[in-house]
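In what follows, a single structure is set out as structure tokens and then discussed.
Residue numbers (this note's numbering): 965 to 1403.
Here it is in structure tokens:
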């Protein structure tokens, strides 16, 4: 099997570890007194304090995420219990594919024929595919990680749990404002972010956010391509309309454009353990990685094989005299990769949603969430990290989804209840080209 390392770049920044999930503020007139902000969560479909929610949930405000230096979804793994969130699953090539596990339950395959074990939601809209799901964290109001099965309120594919992101909304009648931020780091890293809030009237407001993330690659391939680069542009605009206390509407459009050379991977070793099964005559089915290591050339091809048996009948792992062998000669120095097959990751994501709230009375309300999302992605990687055509992958993935959710929300004395209906339709197409040549 191939042993591959994943390296991350370093960013020059000043940060401090937050003491808890809620942000703490220190008054200027006291060095010891602290005010703890209460986090309001929506884990059960109703707003309530984090301490009052009878569910295993980790919640963070947008200010807390900014304080911790979080700018993409995969970074929350550092401080969320029981969460494993891997960017770049093993047999993919996309730089923004999310493999999410909660309490050991999840899925790392990106194919449209597989479903995740942890649901991802943005403003109540389900994100069905893992490719493009390493979301950029910009202008966020709240992020919640719910551990354990959440099928009652969140529906499909939440047996491990759910991650729910709430973005900041426009506020009709609010104040005009905005923000700008920039960060620079090694390998020409440059992150630019901007937000603006425009209260057009007492009943209508607009909020927009843009971000650009660029960075040079830091793993150099033999053909001159630098892996691990970043060229991402993302934006979101929301329109809020609230003519009275009985009705409100929120329409949001978002987009993300990624153009990269692929993830920063290096070959750090090759496991030849399976070759011990090669004893002159194959007495059992070939070991799992036999074809990758070119074991079969000992029997199928003339000339100098890559792996065969010595006079004692023991399997040998390499033949340095053969130029066709896949062995330790392709383990590069730190920051080097010997691959020459195509390596790229190009992803475009677009989403449009409309949320309507009708307050029928003080105790009864109706909510409608209608959404459309589409994904177009092309990505490839050299799985063997050598000049040979041994293990190479190329994918084209297109997907469209439409969702409609209706909620009837009511309260009566000490009883809060929700009655809902959910519709989901998805069309997807994945063309996978796998070059597994035995050479």
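Every residue, glycine too, gets a C-beta built ideally from N, C-alpha and C.
Sequence-distant Cβ neighbours of residue 1332 in its own chain, meaning closer than 6 Å and more than five residues away, are 1320, 1370. The C-alpha of residue 1381 is placed about 15 Å away from the C-alpha of residue 1325.
Residues 1005, 1007, 1008 of the same chain have their beta carbon placed closer than 8 Å to that of residue 1017, with the five preceding and five following residues left out of the count. By the Cβ rule, the segment 1166-1179 counts as touching the segment 1199-1210, because three or more pairs are nearer than 8 Å. Look at the beta carbons and you see the segment 1193-1202 touching the segment 1213-1225: at least three pairs across the two are nearer than 8 Å.
In this chain, the alpha helix (DSSP H) harbouring residue 1029 covers 1026-1031. Residue 1027 and residue 1362 have their C-alpha atoms roughly 35 Å apart. Assignment of residue 1116 by DSSP, reduced to helix, strand and coil, places it in the helix class. Around the beta carbon of residue 1078, fewer than 16 other beta carbons sit within 10 angstroms, so the residue counts as exposed. Our two residues, residue 1214 and residue 1379, have alpha carbons roughly 28 Å apart in a direct line. It is roughly 17 Å from the alpha-carbon of residue 1395 to the alpha-carbon of residue 1346.
Beta-bridge pairing by DSSP links residue 1390 to 1365. The continuous beta strand (DSSP E) containing residue 1178 extends over residues 1168-1179. Contiguous beta strand (DSSP E) elements confined to the segment 1304-1377 occur at 1308-1323, 1328-1346, 1356-1376, taking only those with 3 or more residues. In the structure shown, residue 1017 falls within a coil segment according to DSSP collapsed to helix, strand and coil.
When the beta-carbon positions are compared, residue 1360 and residue 1060 stay at least 8 Å from each other. Rounded to the nearest whole angstrom, the CA to CA distance from residue 1384 to residue 1337 is 21 Å. Under the DSSP assignment, residue 1162 falls in the beta strand (DSSP E) whose first and last residues are 1153-1163. With 16 or more other Cβ atoms inside 10 Å of its own Cβ, residue 1296 counts as buried.
Put simply, the segment 1144-1153 does not touch the segment 1111-1125. Fewer than three CB pairs are less than 8 Å apart.
Taken in chain order, the whole beta strand (DSSP E) runs of length 3 or more contained in the segment 1058-1142 are 1062-1066, 1069-1071, 1082-1086, 1104-1111, 1125-1131. Residue state for residue 1295 is assigned as coil, using DSSP reduced to three classes. Proximity to residue 1136 across 1097, 1209, 1174, 1185 peaks at 1209, based on C-alpha coordinates. Scanning 1033, 1322, 1374 for the CA closest to the CA of residue 1211 turns up 1322. Excluding the 5 residues flanking it on each side, residue 1156 has same chain C-beta neighbours closer than 6 Å at 1146, 1176, in chain order. Under DSSP, residue 1149 shares a beta bridge with 1153. Sequence-distant Cβ neighbours of residue 1339 in its own chain, meaning closer than 6 Å and more than five residues away, are 1093, 1096, 1313, 1363. Sequence-distant partners of residue 1035 (beyond 5 residues in either direction) whose C-beta falls short of 6 Å from its own C-beta, in its chain, are 1101. Rounded to the nearest angstrom, the gap between the Cα atoms of residue 1335 and residue 1318 is 6 Å. Assignment of residue 1200 by DSSP, reduced to helix, strand and coil, places it in the strand class.
Residue 1057 and residue 1357 have their C-alpha atoms roughly 7 Å apart.
Under the DSSP assignment, residue 1006 falls outside any beta strand (DSSP E); it carries neither an H nor an E label. Between residue 1069 and residue 1081, the C-beta gap is smaller than 8 Å, which places the two residues in contact.
The alpha-carbon separation between residue 1343 and residue 1228 amounts to approximately 14 Å. Under a 10 Å Cβ-count criterion, residue 1230 is classified as buried, with 16 or more other Cβ atoms of the shown protein chains found around its own Cβ.
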